[in-house]
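Residue numbers for the sequence shown follow the UniProt record's numbering, beginning at 1 and rising by one.
Just so you know, even glycine gets a beta-carbon here, dropped at the ideal spot from N, CA and C.
These notes concern the structure reproduced below.
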Amino acid sequence: MSEAAGRRDWPRASESEFGPPLAGEYRAVPEDFVVEESLGFAPEGQGEHLWLWIEKRGLTTLEAVRLLARAAGVPQRAVGYSGMKDRMAVTRQWLSLHLPGREAPADLSERLGDSGLRVLEQVRHPRKLKRGVHRANRFTLRISGAAVQAGLDERWAWLCGHGVPNLFGPQRFGAEGRNLMRARAVLARGWRKRDDREGMLLSAARSFLFNELLAMRLADGSWRCLVPGDVAMLDGTASQFVVGAVDTDLSERATALDLHPSGVLWGVGNSLAGGDAEHYEQVLRERHATLCDGLERSGVRLARRALRMRLDNPRLVREGDRLRLDFSLPRGGFATAVLRELIAHPTLMLALDGIHAKT
């Protein structure tokens, strides 16, 4: 990994084909970064929970939860959400309110005022909205700068055909990487729930380790092909199976983006990986022993994540001196992982002051 001005970057998949991307700008205003959540199902129209289709601007999802709870006169624990969405963006997503036997205040919109949160639709459902139940997110992004003037068509087409490294974006690690630095300190002394109520520090540490493993496979070119001992994941699902010998059929399915190799989200449990795939995990533990050991002591359960994601229904449109990119990503995919393949921008790298190997 390269380091400059206190920031560190992971390898880019497209760089071996096209060289490093040129400088670009994105998210000059929130309207340049539009995200719309796709549940994959519709609320039933009856039940104790009122599901709200909301639009927020300049707010994190947790800030929207607090605002809605206050406006509706319910505790924050009565508000459900599926995905965490960016602050500097215009995002539309579902939130739920537990309101058995009563409606939301008639003046809910007035109570929200000019907070940056608008309720667009209301519908009942029997259950609270839980984390991670949505299927995908649809993005509309606008970018500008030297990278756009030089043309991105070939690089974009390559990503559409080969997929995008499923890196966690820098926003997962907090401003200037602070969540990651805090995670390092907390895990070194022993994680406690009271230090990390929302689990953000555990998430930051696991995300960093996943990115480190993916970086190894980006470096040797195996991020988009299966190796012996891989745990393969079916595209768009959580279904997985262990790969023994990599035959022609498996190779062709990986090329067609039907199967992806996966990487470990560190925790307690059997990763299932063997052979060549297990070697990457062994190297990861050697390099970051404190983080790995701390996560295991915390009791968080091991999980897996695809190393690659498909751009669904991708579209590139030129708008004068800017480009508009439209695409969908599976739940948990970061649009910033797509952007970093196309443009160079300091916010697409991770600030890692104080984070070193042997963490």
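inquiry  = With H, G and I counted as helix, E and B as strand and the rest as coil, what does DSSP make of R27?
reply    = The sequence position of residue 27 within the sequence shown is 27, counting from 1. The answer is coil: DSSP assigns R27 none of H, G, I, E or B.
ask   = Bridge partners of S96, per DSSP?
value = Looking up residue 96 in the sequence shown gives position 96. According to DSSP, S96 bridges with W51 and G80.
ask   = For M309, which residues from the same chain have a beta carbon less than 7 Å from its beta carbon, with the 5 sequence-adjacent residues on both sides left out?
value = The residue given as residue 309 occupies position 309 in the sequence shown. Correct list, in chain order: G163, V164, N166, L329, P330 and G333.
request  = Please name the residue in G190, S115, D249 and F168 whose C-alpha comes closest to that of L213.
outcome  = Walking along the sequence shown from the start, residue 213 turns up at place 213. The residue with the shortest Cα to Cα distance from L213 is F168.
query = Buried or exposed: R102, going by 16 or more other Cβ atoms within 10 Å of its Cβ?
reply = For the purposes of this step, residue 102 is taken as the residue at position 102 of the sequence shown. Result: exposed.
ask   = Do L95 and A136 come within 8 Å of each other at the CB atom, strictly closer than that value?
value = The residue you call residue 136 lines up with position 136 of the sequence shown. The residue you call residue 95 lines up with position 95 of the sequence shown. Their beta carbons are not under 8 Å apart, which means A136 does not touch L95 by this criterion.
task = Going by DSSP, name the residue or residues bridged to T91.
result = Position 91 of the sequence shown, counted from the start, is the residue given in the question as residue 91. In the DSSP output, where bridge partners are listed per residue, T91 has V35 and K56.
query = For the putative contact between T290 and A219, defined by C-beta atoms under 8 Å, what is the C-beta separation to the nearest angstrom?
reply = Against the sequence shown, residue 290 aligns to sequence position 290. Against the sequence shown, residue 219 aligns to sequence position 219. So it is not a contact: roughly 23 Å between Cβ atoms.
query = Skipping 5 residues on each side, what residues in its chain have a beta carbon closer than 6 Å to that of E36?
reply = Stepping through the sequence shown from its first residue, residue 36 is reached at position 36. Excluding residues within five positions, the ones whose Cβ falls inside 6 Å are R92 and R138.
key: Nearest-angstrom Cα separation, counted from M349 out to A185   = Sequence index remark: in the sequence shown, residue 185 carries index 185 (1-based). Sequence index remark: in the sequence shown, residue 349 carries index 349 (1-based). Approximately 22 Å between the Cα atoms of the pair.
Inter-residue Cα distance where the pair is S262 and A335 = Taking the sequence shown and counting its residues from 1, the one referred to as residue 262 is at position 262. Taking the sequence shown and counting its residues from 1, the one referred to as residue 335 is at position 335. Taking the straight line from one Cα to the other gives about 19 Å.
Residue from L302, I54, K128 and L141 whose Cα sits closest to the Cα of E121 = Numbered from 1 along the sequence shown, position 121 holds the residue referred to as residue 121. For the residues L302, I54, K128 and L141, the minimum Cα distance to E121 belongs to I54.
task = Could you say if the region 244-264 and the region 298-314 meet the contact criterion of at least three C-beta pairs nearer than 8 Å?
result = yes
ask   = In whole angstroms, what separates the C-alpha of G229 from that of M216?
value = Indexing the sequence shown from 1 puts residue 229 at position 229. Indexing the sequence shown from 1 puts residue 216 at position 216. So the alpha carbons of these two residues sit roughly 16 Å apart.
message = Spatial neighbours of M1 within its chain, please: C-beta separation below 8 Å, excluding the five flanking residues on both sides.
response = As a position in the sequence shown, residue 1 is number 1, starting the count at 1. Here M1 scores only 40 on pLDDT, less than 50, and its place in the model should not be relied on; the value that follows carries that caveat. Counting only Cβ-Cβ distances below 8 Å, and skipping sequence neighbours, we find R8, D9, W10, P11 and A215.
request  = Using three-state DSSP, classify V164 as helix, strand or coil.
outcome  = As a first step, residue 164 is located in the sequence shown; it is residue number 164 there, counting from the start. In this structure, V164 counts as strand in the three-state DSSP scheme.
inquiry  = Short of 7 Å in beta carbon distance, which residues of its chain neighbour Q240, apart from the five on each side in sequence? Order them along the chain.
reply    = By one-based count along the sequence shown, residue 240 stands at place 240. Only V231, A232, M233, S262 and R304 meet the Cβ criterion.
ask   = Relative to the C-alpha of G40, which residue among D114, H98, G236 and V283 is closest?
value = Here residue 40 is taken as the residue at index 40 of the sequence shown, counted from 1. Here the closest residue by C-alpha is G236.
query = In its own chain, which residues sit with a C-beta less than 8 Å from the C-beta of A23, not counting the 5 before and 5 after it?
reply = Along the sequence shown, one-based indexing puts residue 23 at 23. Closer than 8 Å at the Cβ level, and outside the excluded window around A23, lie G145, A146, A147, I343, A344 and H345.
inquiry  = Rounding to the nearest angstrom, what Cα-Cα distance links P43 and W223 in this structure?
reply    = Within the sequence shown, numbered from 1, the residue matching residue 43 stands at position 43. Within the sequence shown, numbered from 1, the residue matching residue 223 stands at position 223. Distance between the alpha carbons of P43 and W223 is about 37 Å.
query = Taking just the CA atoms, how far does R340 sit from P20?
reply = By one-based count along the sequence shown, residue 20 stands at place 20. By one-based count along the sequence shown, residue 340 stands at place 340. C-alpha separation (whole angstroms): 10 Å.
ask   = Between A89 and the rest of its own chain, which residues show a CB-CB distance below 6 Å, the 5 nearest in sequence each way excluded?
value = Mapped onto the sequence shown, residue 89 falls at position 89. Hits under 6 Å: P30, F33 and V35.
Spatially closest choice to L159 from F327, N313 and S14, by CA coordinates = Position 159 of the sequence shown, counting from 1, holds the residue named residue 159. For the residues F327, N313 and S14, the minimum Cα distance to L159 belongs to S14.
task = Give the secondary structure of F334 by DSSP, where H, G and I count as helix, E and B as strand, and everything else as coil.
result = In the sequence shown, the residue the question calls residue 334 occupies position 334. Coil.
task = Out of S271, N211 and L67, point me to the one whose CA is closest to V243's CA.
result = The residue you call residue 243 lines up with position 243 of the sequence shown. Per the Cα distances, S271.
request  = Taking the CB atoms as reference points, tell me whether L50 and L97 lie closer together than 8 Å.
outcome  = Taking the first residue of the sequence shown as 1, we reach residue 50 at position 50. Taking the first residue of the sequence shown as 1, we reach residue 97 at position 97. Going by C-beta atoms, L50 is nearer than 8 Å to L97.
key: Contacts around T61, its chain only, beta-carbon distance under 6 Å, and the 5 residues preceding and following it disregarded   = Taking the first residue of the sequence shown as 1, we reach residue 61 at position 61. For T61, where only same-chain residues beyond five positions count, the Cβ hits under 6 Å are Y81, M84 and K85.
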